[in-house]
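**Student:**
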Amino acid sequence: ETTRTPLMAGNWKMNLNHLEAIAHVQKLAFALTDKDYDAVEVAVLPPFTDLRSVQTLVDGDKLRIRYGAQDISAHDSGAYTGEVSGPMLSKLKCTYTAIGHSERRQYHGETEEIVNAKVKAAFRNGIVPILCVGEGLDVRKAGNQVSHTLAQVDGALAEVPAADAERIVIAYEPVWAIGTGEVATPEDAQEVCGAIRARLAELYDADLASRVRILYGGSVKSSNAAGIMAKPDVDGALIGGAALDPEEFVKIVRYRE
Ligand code: PEP
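Per UniProt numbering, the very first residue in the sequence shown carries number 3; after that it's consecutive.
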């Protein structure tokens with residue numbers, strides 16, 4: 003039997019400057035206990051400019067909170083003005099980086115090829131990708147959410163060997179549920195998360211598929227987290243808006259209580 007440690011990851015998006023980040027992480031640190039960390043892995047994804055401050059807190063107090071970036075360059079160095087590289091993130095001891103968030107795909111033109119290159123850049127630098135996939139409203143209305151999302155998984159994992167892929171985290175985030183207050187039903191989340199796991203078994207093998215964590219994201223809050231987490235192929239959540247309130251985020255971490 004495989005036991006996948008649930009992951010609750012807070013995507014702060016473009017919110018909280020470094021002083022606010024310090025205050026926020028301190029609140030999480032005071033609230034969370036070993037009992038919480040033993041049950042659930044807790045991670046925050048702050049803006050790049052906050053990462054050094056978060057690292058200092060986590061290192062200094064040996065906090066069990068993990069952290070990562072919201073994006074990574076496909077390139078390791080060079081003439082890429084404004085980009086932040088994998089070596090820079092790994093120097094800051096980032097565990098994770100989100101890749102291919104719908105806001106990156108929508109507003110920054112991230113194609114399947116770019117997402118694939120960023121996944122490879124993360125692995126090359128020892129950083130675990132939180133690969134974001136999911137359909138828009140038009141695709142959902144046409145009933146094509148599974149094929150659409152699996153095509154994104156295929157694209158992101160092209161030429162990624164099993165030794166890397168076994169470490170990936172995949173977040174199923176239906177675009178129509180992100181920041182809208184309209185959460186997917188647990189059944190909707192399970193349908194696509196289950197299909198993603200089955201595709202991982204096809205692309206690699208059943209053992210690898212059984213070990214990869216698949217998150218749901220889209221208007222998760224403390225009042226709906228338990229219902230979604232009860233589904234067999236949902237191993238955690240990527241949380242946007244609700245993660246900006248430390249008390250609410252801690253309640254989501256304690257979804258079992
Ligand atoms: C997200 O940004 O990944 C997200 C799921 O946002 P929200 O929880 O606000 O819908």
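We put the beta carbon where it would ideally sit given N, CA and C, even for glycine.
Model, not experiment: these values are computed from the prediction.
1) In whole angstroms, give me the CA-to-CA distance for residue 161 and residue 153.
2) State buried or exposed for residue 82, treating a residue as buried only when at least 16 other CB atoms are found within 10 Å of its CB.
3) Secondary structure at residue 236, three-state DSSP: helix, strand or coil?
4) In three-state DSSP terms, what is residue 10?
5) Note down, one range per segment and in chain order, each alpha helix (DSSP H) of at least 4 residues found wholly within the segment 155-203.
6) Give every residue of the same chain whose Cβ lies closer than 8 Å to the Cβ of residue 235, excluding the five residues on either side of it in the sequence, and list them in chain order.
7) Give a yes or no on whether the C-beta atoms belonging to residue 282 and residue 30 are separated by under 7 Å.
8) Three Cβ pairs or more, each shorter than 8 Å: is that satisfied between the segment 109-129 and the segment 65-81?
9) Thinking C-alpha only, which one of 125, 70, 32 is nearest residue 52?
10) What does a CB cutoff of less than 7 Å around residue 243 pick up in its chain, not counting 5 residues either side in sequence?
11) With 16 as the cutoff for other CB atoms within 10 Å, does residue 99 come out buried or exposed?
12) Could you compute how far the alpha carbon of residue 5 sits from the alpha carbon of residue 171?
13) So residue 219 and residue 9 are in contact, right, with Cβ under 8 Å, and what is the actual spacing, rounded?
14) Less than 8 Å between the CB atoms is what I'm expecting for residue 255 and residue 44, so what's the real figure, rounded?
15) Could you tell me the alpha carbon to alpha carbon distance between residue 106 and residue 149, rounded to whole angstroms?
16) Does the beta-carbon of residue 242, which I'm using as the reference point, lie nearer than 6 Å to any heavy atom of the ligand PEP?
17) Tell me, which residues are paired with residue 134 by DSSP?
18) Please work out which residues of its chain come closer than 8 Å, Cβ to Cβ, to residue 141, disregarding the five sequence neighbours upstream and downstream, and give them in chain order.
19) Who are the Cβ neighbours of residue 96 in its own chain at under 7 Å, not counting the five residues just before and after it?
20) For residue 177 versus residue 226, is the C-beta spacing smaller than 7 Å?
21) Can you name the start and end residues of the alpha helix (DSSP H) that residue 106 belongs to?
22) Between residue 258 and residue 228, what straight-line distance do the alpha-carbon atoms span, to the nearest angstrom?
23) Taking all protein chains shown into account, decide if residue 144 is buried (16 or more other Cβ within 10 angstroms of its Cβ) or exposed.
24) Roughly how far, in whole angstroms, is the beta-carbon of residue 214 from the beta-carbon of residue 34, given that I think they are within contact range, below 8 Å?
25) Using only the heavy atoms of the ligand MG, determine whether one of them is closer than 6 Å to the beta carbon of residue 172.
26) Restricting to Cα atoms, I'd like to know which of 174, 136, 137, 132 is closest to residue 166.
**Tutor:** By the coordinates alone:
1) Sequence index remark: in the sequence shown, residue 161 carries index 159 (1-based). Sequence index remark: in the sequence shown, residue 153 carries index 151 (1-based). Computed Cα separation, rounded: 14 Å.
2) By one-based count along the sequence shown, residue 82 stands at place 80. Burial call: exposed.
3) Numbered from 1 along the sequence shown, position 234 holds the residue referred to as residue 236. Residue state, collapsed to three classes: coil.
4) Here residue 10 refers to the residue found at position 8 when the sequence shown is read from its first residue. Here residue 10 sits in strand by DSSP.
5) The segment 155-203 contains these whole alpha helix (DSSP H) runs: 164-167.
6) Counting from one through the sequence shown, the residue named residue 235 turns up at place 233. Answer for residue 235: 192, 195, 196, 198, 199, 216, listed in chain order.
7) Given that the chain is displayed from residue 3 to residue 259, the structure contains no residue 282 and the question cannot be resolved.
8) yes
9) The residue labelled residue 52 in the question sits at position 50 within the sequence shown. Per the Cα distances, 70.
10) Residue mapping note: residue 243 aligns to position 241 of the sequence shown, counting from 1. If we look at residue 243 and ignore the five residues flanking it on each side, its Cβ neighbours are 181.
11) Locating residue 99 in the sequence shown gives position 97, counting from the first residue. Buried is the call here.
12) Taking the first residue of the sequence shown as 1, we reach residue 5 at position 3. Taking the first residue of the sequence shown as 1, we reach residue 171 at position 169. One C-alpha to the other measures close to 15 Å.
13) For the purposes of this step, residue 219 is taken as the residue at position 217 of the sequence shown. For the purposes of this step, residue 9 is taken as the residue at position 7 of the sequence shown. The pair is not a contact, with the Cβ atoms about 11 Å apart (cut-off 8 Å).
14) Along the sequence shown, read from residue 1 onward, the residue named residue 255 stands at position 253. Along the sequence shown, read from residue 1 onward, the residue named residue 44 stands at position 42. Right, their Cβ atoms sit about 6 Å apart.
15) Indexing the sequence shown from 1 puts residue 106 at position 104. Indexing the sequence shown from 1 puts residue 149 at position 147. Their Cα atoms are separated by approximately 21 Å.
16) Taking the first residue of the sequence shown as 1, we reach residue 242 at position 240. Under cutoff, so the answer is yes.
17) Position 132 of the sequence shown, counting from 1, holds the residue named residue 134. In the DSSP output, where bridge partners are listed per residue, residue 134 has 173.
18) As a first step, residue 141 is located in the sequence shown; it is residue number 139 there, counting from the start. So the qualifying residues of the chain are 147, 150.
19) If you number the sequence shown from 1, residue 96 lands on position 94. Closer than 7 Å at the Cβ level, and outside the excluded window around residue 96, lie 53, 69, 70, 71, 129.
20) What you label residue 177 is simply residue 175 of the sequence shown in a count that begins at 1. What you label residue 226 is simply residue 224 of the sequence shown in a count that begins at 1. Contact check for residue 177 against residue 226 fails: the beta carbons are separated by 7 Å or more.
21) Residue numbering aside, residue 106 sits at position 104 when the sequence shown is read from its first letter. First-last of the alpha helix (DSSP H) with residue 106: 104-109.
22) On the sequence shown, residue 258 is found 256 positions in, with the first residue counted as 1. On the sequence shown, residue 228 is found 226 positions in, with the first residue counted as 1. C-alpha separation (whole angstroms): 6 Å.
23) Taking the first residue of the sequence shown as 1, we reach residue 144 at position 142. By the neighbour-count rule (16 or more Cβ atoms within 10 Å), residue 144 is not buried but exposed.
24) For this step, residue 214 is matched to residue 212 along the sequence shown. For this step, residue 34 is matched to residue 32 along the sequence shown. Not quite, the Cβ-Cβ distance comes to about 25 Å (not below 8 Å), so this is no contact.
25) Questions concerning the ligand MG fall outside what the structure shown contains, since the ligands it does hold are the ligand PEP.
26) Translated into the one-based positions of the sequence shown, residue 166 becomes position 164. For residue 166, the nearest C-alpha among the options comes from 132.
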